[in-house]
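Line by line, the protein sequences give chains A and B.
Numbering-wise (the working numbering), the first sequence opens with residue 2 and increments by one.
Numbering-wise (the working numbering), the second sequence opens with residue 112 and increments by one.
Glycine included, every Cβ here is placed at the ideal spot set by N, Cα and C.
So the structure is just underneath, and the comments pick up after that.
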Amino acid sequence: MDAGTRKRRMWAYGLVGFFLLISTSTYAYNEYYIYLSVYLWFGFIYGMCLQYGRFCFSSAFRDLFAVGVPRMVVGVMVATVLFALVSAFVTATGLSTFHAAPTSPHAFIAGLIFGIGMVFAGGCASGSLYKAGEGNGVSVIVILSISVTQALFADVAGWTNKLVPASWHESAVSKGLAPTINAGDGWVDQYLAGYVWDQPVLTYASMMGMSDHSVQGAFLGNVLVGVVIPAALLLVVVYIIWSRKSFMRKLTKTKSTTNWRDDLAGYWAMISASRRTAIAGLILGVFCGLQMLVTQGLRVKFGVQNAGTLLERMGFDFGLSVNGTVFDPGYWYVTTQEAQWVGWVFNKLGAENMDNIYFGFVNGIPNPAINPADWMSLALIGGAAVMALLNNEFKFKKPTWELATWAMIGGALMGIGSRLGLGCNVGAFFVRVSQGDVSGWIFGGGMIVGAYIGVKFFNWWTERRMAKEFAGVEI
Amino acid sequence: MKFEKVSDGRFRLDVKGYVCPHPQIYTKKALSKIESGDHLEVVFDNPSSGESIATMCDNSGDEIVARTEDAGHFVWDIEKT
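Structural data, given as structure tokens:
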């Protein structure tokens, strides 16, 4: 083992030791910290999986359109189906922490904006976290851009109130929220309380007349109809358009004729082509479901519904929402905790941002040092760093001005898309699709169209750059 | 990004510092410009681009004849079919 490898391994073990120290020392101080440590270690596992499988939702559709590579679509679908199966079991046992989101065209528009942004940024919300763990400076800028844009967008008022339809304003004000929350002021507040909250909440099970919490509803409605069949059909389309031709070309070198069995073999070959991605998808899917189970178990143990109660019991009452809650999904999520830490910073700098619905009524802005979801994101970066260090793939990369610009633009679009869609590629797509929430596929549809638009733009952009380079080279 | 001719039938594409999707898009475009049998040496430092470039070559039939990797720095030699 050379000196460089030894040094990288020492850093990896040091990071693991650091997280172990946080978990054990905080638990020794107060047993409630175990709740935060659960977020931490699931985040750490997600980071390791994402880095190992180069698992980026952005590349799922972007690489398909840009270079005809289907490996990540396969990985995402494998993870989604596995997550759906594990969480159906969790749901049927009554321990799910998931709440479905309202369904309407807003999810498509949000996905579209997010999809363009993730192509510009070079990675989705979760992909940027794991790439930051590889030492990628561009991804750090993307994370900052997503975080700041969300915190600003959630609190924007003034002239944007003129863009709000009167019906949204009336509906928002009529909700009669707490006196400290000004639901009639601010674009996002009126969008949420005046439009989104009025939309129907739909799951495939409920549309089929079944309860989400029944075995039949969870497995037949939400998993089979809501996830397995659409995912299998999506992969059939991907196989026919992007994978079949190359598989058959290789096959016809040894066979004169082909039949439907060969297509089945080709379909399976596409699914199993990238071992790393498939393994990452499998582990992610299983652990995403397990996180729900463990978190809900701890809620039952401590007799709480939300981490805000635990923080209050530990003496932290700053930054709780008017309902005494903080953002505590109980499953993998990325963007809200990014908005929260910037919201907390803005608040400390004097901003009045606890009178809006996003921070003041729903999620709060707790100190990032004790925010459960922030523990998950930081540990995700740490887990990715450990995996990259162990695999000799860690490298500090300074962003160029060109990539920094794309990162800021893409991050801002992802930030806006996340707030409009009430989540990112993880919260609004991966998690919702896995739980049979109809709005998940709608957000995903928008994301696919957005990725297509982003790729078309980048094709034009790179063609210009390449034309200049080729001009001086004799082929 | 830098594209240059190293010798007859050998070209180098340097996309160090670039993140997805730039390395894979530039590689695809560079491969489309060179002749069958030519070699393209791709230099990159974005690990996830490697997965995409490998699958892209597998689909197109282009062969990755050599790969070196050191501390997040990758150099792949691709022969165009």
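- Under the three-state reduction of DSSP, residue 103 (chain A) is assigned to strand.
- Residue 238 (chain A) has its alpha-carbon roughly 22 Å from the corresponding atom of residue 258 (chain A).
- Beta bridge pairing from DSSP links residue 116 (chain B) with B:122.
- The three-state reading of DSSP puts residue 181 (chain B) in strand, counting E and B together.
- The Cβ-Cβ distance between residue 199 (chain A) and residue 172 (chain A) falls below 8 Å.
- For residue 467 (chain A), at least one C-beta of chain B is nearer than 8 Å to its own C-beta.
- Residue 188 (chain B) is outside the set of residues whose beta carbon lies under 8 Å from a beta carbon in chain A.
- Looking at the DSSP output, residue 151 (chain B) shares a beta bridge with B:122 and B:189.
- Taking C-beta separations shorter than 7 Å and ignoring five residues to either side along the sequence, the partners of residue 361 (chain A) in its chain run 181, 182, 322, 323 and 355, following chain order.
- Residue range 34-53 is occupied by the alpha helix (DSSP H) that includes residue 43 (chain A).
- Straight-line spacing of the CA atoms in residue 27 (chain A) and residue 35 (chain A) works out to 8 Å.
- In its chain, beyond the 5 residues on either side, 123 and 152 have a beta carbon closer than 8 Å to the beta carbon of residue 117 (chain B).
- Residue 204 (chain A) is bridged by DSSP to A:438.
- Going by C-alpha positions, residue 342 (chain A) is about 32 Å away from residue 280 (chain A).
- In this structure, the straight-line span from the alpha carbon of residue 219 (chain A) to that of residue 294 (chain A) is close to 15 Å.
- Residues of the stretch 444-464 of chain A that bring their beta carbon within less than 8 Å of a beta carbon in chain B comprise 456, 459, 460, 463 and 464, in sequence order.
- Of the residues assessed, residue 151 (chain A) falls on the buried side of the cut-off, its CB having 16 or more other CB atoms within 10 angstroms.
- DSSP places residue 302 (chain A) in the helix class (H, G or I) of the three-state scheme.
- For residue 393 (chain A), the neighbours in chain B by C-beta distance under 8 Å run, in chain order, 180, 181, 182 and 183.
- For residue 22 (chain A), the uninterrupted alpha helix (DSSP H) segment begins and ends at 4-30.
- Excluding sequence positions up to five before and after residue 61 (chain A), its CB lies within less than 6 Å of the CB of 73, 74 and 77, all in the same chain and listed in chain order.
- Sequence-ordered contacts of the stretch 107-124 of chain A with chain B read 120, 123 and 124 [C-beta pairs closer than 8 Å].
- Per DSSP, the unbroken alpha helix (DSSP H) holding residue 269 (chain A) starts and ends at 261-272.
- Residue-level contact check: residue 347 (chain A) does not touch chain B, since none of the beta carbons of chain B fall below 8 Å from its beta carbon.
- The C-beta of residue 147 (chain B) has fewer than 16 other C-beta atoms within 10 Å across all chains shown, which makes the residue exposed.
- Residue contact with chain B for residue 284 (chain A): absent (no Cβ-Cβ distance below 8 Å to any residue of chain B).
- Annotation for residue 135 (chain B): 160, 163 and 164 place their beta carbon closer than 6 Å to its own, counting only its chain and skipping 5 residues before and after.
- Closer than 8 Å to the CB of residue 163 (chain B) there is at least one CB belonging to chain A.
- Residue pairing of residue 163 (chain A) in beta bridges, as defined by DSSP: absent, with no partner found.
- The straight-line gap separating the alpha-carbon atoms of residue 230 (chain A) and residue 209 (chain A) is approximately 15 Å.
- Nearest C-alpha to residue 430 (chain A) among A:358, A:145, A:300 and A:80: A:80.
- Identification of chain B residues near residue 289 (chain A) by a Cβ-Cβ cut-off of 8 Å yields none; the smallest Cβ-Cβ distance measures about 21 Å.
- Of all residues in the stretch 408-437 of chain A, none places a beta-carbon less than 7 Å from a beta-carbon of chain B.
- Between residue 127 (chain A) and residue 427 (chain A), the C-beta spacing is below 8 Å.
- Sequence-distant Cβ neighbours of residue 409 (chain A) in its own chain, meaning closer than 7 Å and more than five residues away, are 142 and 146.
- Look at residue 162 (chain B) here: in three-state DSSP terms it is helix.
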